[in-house]
Amino acid sequence: MSNVDYTTLKKGGFMRQKQKDNFSLRLQVVGGTLTAENLAKIAEVAEKYGEGYVHLTSRQGVEIPFIKLKDIDEVKAELAEGGCRPGVCGPRVRTVTACQGNRICPSGNIDTSELAQELDQRYFGRELPHKFKFGVTGCSNNCLKAEENDVGIKGALKVEWKEDACIGCGVCVKACRKEAVTFTDGRIHVDYDRCNDCGRCVKSCPADAWETQPAYIVSFGGTFGNNISAGFAPLPPISGKEQLYRVTDAAIQFFDDYADPGERFRFTIERVGKEKFIEAMKEAYDE
Amino acid sequence: MSDYTVDDTVDITDVVCPVTFVKAKAALEELDDGQILAVVMNDGEPVQNVPRSIKEEGHQILKLNENDNGTYTLIVRKTGE
Chain A
11 MSNVDYTTLK
21 KGGFMRQKQK
31 DNFSLRLQVV
41 GGTLTAENLA
51 KIAEVAEKYG
61 EGYVHLTSRQ
71 GVEIPFIKLK
81 DIDEVKAELA
91 EGGCRPGVCG
101 PRVRTVTACQ
111 GNRICPSGNI
121 DTSELAQELD
131 QRYFGRELPH
141 KFKFGVTGCS
151 NNCLKAEEND
161 VGIKGALKVE
171 WKEDACIGCG
181 VCVKACRKEA
191 VTFTDGRIHV
201 DYDRCNDCGR
211 CVKSCPADAW
221 ETQPAYIVSF
231 GGTFGNNISA
241 GFAPLPPISG
251 KEQLYRVTDA
261 AIQFFDDYAD
271 PGERFRFTIE
281 RVGKEKFIEA
291 MKEAYDE
Chain B
-10 MSDYTVDDTV
0 DITDVVCPVT
10 FVKAKAALEE
20 LDDGQILAVV
30 MNDGEPVQNV
40 PRSIKEEGHQ
50 ILKLNENDNG
60 TYTLIVRKTG
70 E
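Written as structure tokens, this is what we have:
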């Protein structure tokens, strides 16, 4: 017991508790989704090795408290049988969070679950100078609070009015929260300077009179711990996964290249220079 | 848009979300397929959300009319399963 490597344990999601030789075991959860099989196994392990309860973390994670040091290997093996893996803590890419997105939610503009899975496969656990969080939200209602994250992704919809299909009901004019849609002389006009790509006009339309294209609004440098500031989104909406991953790759690489150990993304950007950072993101966006 | 004859009217200006939609939905239940309901609602949250909720229930929205007193009247054709 004397030469326990806490760093390795922590990397594997074992959070040291106040109580000696007890760990709160963090599990890997992607986009807030667990299967019934996962849950049954988690319940079983919590009963058998913990104290019969779990803690839901602020970022959609599950922790099983009071796992004993001596049981760690057994616990890992049993969880694996139920398709569960330990999560991570420390200076690396953390749990990718997501709302339910357009598979479930009428407001969703993008498939957040799929995106969370892809981001997880691409980045989860990657070693970095400090913790790094991704969050994916399906629309501008922002239930998942994208801007809290080092990189936040928000689903958007580029819209264009289809005159042929329009029945002139006027519902979209009222559905718009930005007063970007007007209806005069039988024609809909969209003021794209006001439009925030939220897609409410489309969702409200009874006649499917809109051409739409899903898009991603990416924010950078959110942090909501000891320091609080919302991420900022300097790029126009992104179309397509390829462009999206170019930008997220560039963002995480910027952090890897320039961050001091223990420095969150926000402060790296500020120290190195916001202009320089934005320039790097624009380059990835345009490439 | 085309002509329509209103079969029934429901006023939801006296309730707030989410009862606005519930009241409109209850009124639609009373109608037969193809009949027309006029739903009178307030500006703001109700007019932003109720038409969309009714659409998502599968009914057909025909028109949204602005009234002189600042309320709106949504014309809906009941569409059954």
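Listed in order, the protein sequences are those of chains A and B.
Residue 36 in the numbering used here sits at position 26 of the first sequence; the count goes up by one each step and never skips.
Residue 29 in the numbering used here sits at position 40 of the second sequence; the count goes up by one each step and never skips.
Idealized CB from N, CA, C, for every residue including glycine.
A:G145 sits in a strand when the DSSP states are folded into three classes. Around the beta carbon of A:Y63, fewer than 16 other beta carbons lie within 10 angstroms, which makes this residue exposed. In this structure, A:V228 lies away from A:V282, with their beta-carbon atoms at least 9 Å apart. Take A:F134, set aside five residues on each side of it, and the residues of its chain with a beta-carbon closer than 6 Å to its own are V103, in chain order. Comparing alpha-carbon positions, the option among A:G231, A:V200, A:D207, A:C179 lying closest to B:D(-8) turns out to be A:C179. Cβ proximity to chain A below 7 Å picks out R41, K44, E45, Q49, I50, L51, K52, L53 from the region 41 to 57 of chain B. The beta-carbon of A:I177 is placed less than 9 Å from the nearest beta-carbon of chain B. With the rule of 3 Cβ pairs closer than 8 Å, the region 138 to 149 of chain A counts as touching the region 83 to 102 of chain A. Taking CB atoms only, A:R197 has no neighbour in chain B less than 9 Å away.
Secondary-structure assignment with DSSP links B:Y61 through a beta bridge to B:M30, B:E55.
Following the DSSP letters along the chain, one finds A:A219 in no beta strand (DSSP E), marked with neither H nor E.
In this structure A:I120 touches A:Y226 by the C-beta definition: roughly 7 Å separates them, less than 8 Å. Contact between the region 203 to 213 of chain A and the region 260 to 269 of chain A is absent: fewer than three C-beta pairs spanning the two stretches fall below 8 Å. Within the region 0 to 33 of chain B, not one residue has a Cβ closer than 7 Å to any Cβ of chain A. With a beta-carbon spacing of about 12 Å, A:G145 and A:G165 fall beyond the 8 Å limit used to define contacts.
Interface with chain A (9 Å Cβ-Cβ cutoff): B:Y61 is included. Straight across, the Cα-Cα distance linking B:T68 with A:Y255 is about 43 Å. Straight-line measurement puts the Cα of B:V8 at about 34 Å from the Cα of A:A46.
Among the CB atoms of chain A, none fall inside 9 Å of the CB of B:V(-5).
In this structure the region 104 to 111 of chain A touches the region 60 to 80 of chain A; the number of beta carbon pairs closer than 8 Å is three or more. Across the set A:E289, A:V169, A:D266, A:D296, the C-alpha of A:D266 shows the shortest separation from the C-alpha of A:F142. Listed along chain B, the residues sitting closer than 9 Å to A:A185 by beta-carbon distance are V36, Q37, N38, P40, R41.
Ranking A:R210, A:A56, A:I198, A:V55 by CA distance to the CA of A:K168 puts A:R210 first. The residue among A:W220, A:K213, A:Y295, A:F275 with its C-alpha nearest the C-alpha of A:P247 is A:Y295. The C-beta of A:Q131 has fewer than 16 other C-beta atoms within 10 Å across all chains shown, which makes the residue exposed.
Chain B has no Cβ within less than 9 Å of the Cβ of A:C208. Apart from the 5 residues on each side of it in sequence, A:A185 sits with its Cβ closer than 6 Å to the Cβ of R210, C211, S214 in its chain, given in chain order. Under DSSP, A:E170 shares a beta bridge with A:E221. Neighbours of A:K213 in chain B, taken as residues whose beta carbon is under 9 Å from its own, are R41, K44, E45 in chain order. For A:E73, the enclosing beta strand (DSSP E) starts and ends at 72 to 78.
Boundaries around A:L49 are those of the alpha helix (DSSP H), 46 to 58, since no beta strand (DSSP E) includes it.
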